[in-house]
Structures are given as structure tokens and as C-alpha cells.
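Be aware that the sequence shown starts at 99, since it is given in my numbering, and climbs by one per residue. Glycine included, C-beta positions come from ideal geometry on N, C-alpha and C. See below for the structure under consideration.
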Amino acid sequence: MNILVLHGVNLNMFGKRDASQYGTATLADIDQQLHTLADQLGVSVTCFQTNFEGAMCERIHQAFEEGVHAVVINAGAWTHYSYAIRDALAILKCPIVEVHMSNIHAREPFRHVSVFAEIVKGQICGLGVDSYLEGLRAAVKAARAV
Numbered sequence: 099m100n101i102l103v104l105h106g107v108n109l110n111m112f113g114k115r116d117a118s119q120y121g122t123a124t125l126a127d128i129d130q131q132l133h134t135l136a137d138q139l140g141v142s143v144t145c146f147q148t149n150f151e152g153a154m155c156e157r158i159h160q161a162f163e164e165g166v167h168a169v170v171i172n173a174g175a176w177t178h179y180s181y182a183i184r185d186a187l188a189i190l191k192c193p194i195v196e197v198h199m200s201n202i203h204a205r206e207p208f209r210h211v212s213v214f215a216e217i218v219k220g221q222i223c224g225l226g227v228d229s230y231l232e233g234l235r236a237a238v239k240a241a242r243a244v
């Protein structure tokens, strides 16, 4: 089973961004924890990060062609306004789980809205790195149920 983890805009700055919102883990730390958990779950994980919206859409298109079994996505700020990424995700036939390190519902009002909400299986937020780990668990469970 192949799971794709997508990290969006500015997430390469984890470990350098506001620690009160995002903790101190770097993106490399997060990816390592995801790979460790994937091994425990008996699945394969591919992680991808970009700061370019078109590159994110192209990676999602590639995931469609590859037939990935599930996607975990933290699109960062794109979550709140990128209809291009939303439309790319809608092409996928597999479960999608949206994750966020911070609790987006306890932050600025514009962060309370996810343009992906209607097409994702669910959303996990506010748990720091554990949001990603729980997202991976949820994605694997959803993919196995298909």
C-alpha cells in the first residue's frame, strides 16, 4: 500500500516558524516519524513538499496516475483558498486526510475555512506532529476499507 504525504507552502520552514503554533520539529523530523510509523503499519510512504501551487497540482496528478492508495495533505495556507489544489485532489479516487499542526479553528477567522472540506475523508488538527501520525493512521485505515 502506497500513501502520499503532501506538505504545502512554507512547511519546509517547520522548526524555524512560530514554535507556539508549530512546535520545534523540522520537516525532516516529521518525515522520519512518518516513515517509522509506515514501517510499523506495513505500508510505504512518499513525502513531497513544495512552495509552488502548480508543482503541488502536478504531484497530485502524478499520484492519480500512480494509483496511490491514500493521501495525507497539509497544504498550509493553500487550505483556505486554493481551488486549483482542491480540484486536483477531487480527481483522486482514494481517501484523502487533511492535517494541520496547529488548531486552525482556534486561530484567525480566515483559517477556519478549508476549501478541501467537502472532498476529504476527515481533518485532524492541533496535535502538532501527532496530527500527521494520526492522519497517516486514518488514511491507512480508510484505504484498507476500500
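First and last residue of the uninterrupted alpha helix (DSSP H) at residue i
| i | result |
| --- | --- |
| V227 | 227-243 |
| F162 | 151-164 |
For residue i, the three-state DSSP class (helix, strand or coil)
| i | result |
| --- | --- |
| G224 | coil |
| N100 | strand |
| H167 | coil |
For residue i, the first and last residue of its enclosing beta strand (DSSP E)
| i | result |
| --- | --- |
| E196 | 194-198 |
| T177 | T177 -> no beta strand (DSSP E), and no H or E assigned at all. |
Any chain C beta carbon closer than 8 Å to residue i
| i | result |
| --- | --- |
| Y230 | Protein chain content of the structure displayed is limited to a single chain, and chain C is not contained in it. |
Cβ separation of residue i and residue j, assumed to be a contact under 8 Å, to the nearest whole Å
| i | j | result |
| --- | --- | --- |
| I158 | E196 | 13 Å between Cβ atoms; not a contact. |
Contact check, residue i vs residue j, beta carbons under 8 Å
| i | j | result |
| --- | --- | --- |
| L80 | I101 | The first residue shown for the chain is 99 and the last is 244, placing residue 80 beyond what the model contains. |
| L190 | F162 | yes |
| E216 | S180 | no |
Residues near residue i in its chain [Cβ-Cβ closer than 6 Å; skip 5 each side]
| i | result |
| --- | --- |
| H107 | The sequence shown places Val at residue 107, not His. Same-chain partners within the cutoff: N149, G174, A175, W176. |
| L135 | L231, L234 |
Residues near residue i in its chain [Cβ-Cβ closer than 8 Å; skip 5 each side]
| i | result |
| --- | --- |
| N110 | L125, Q147, N149 |
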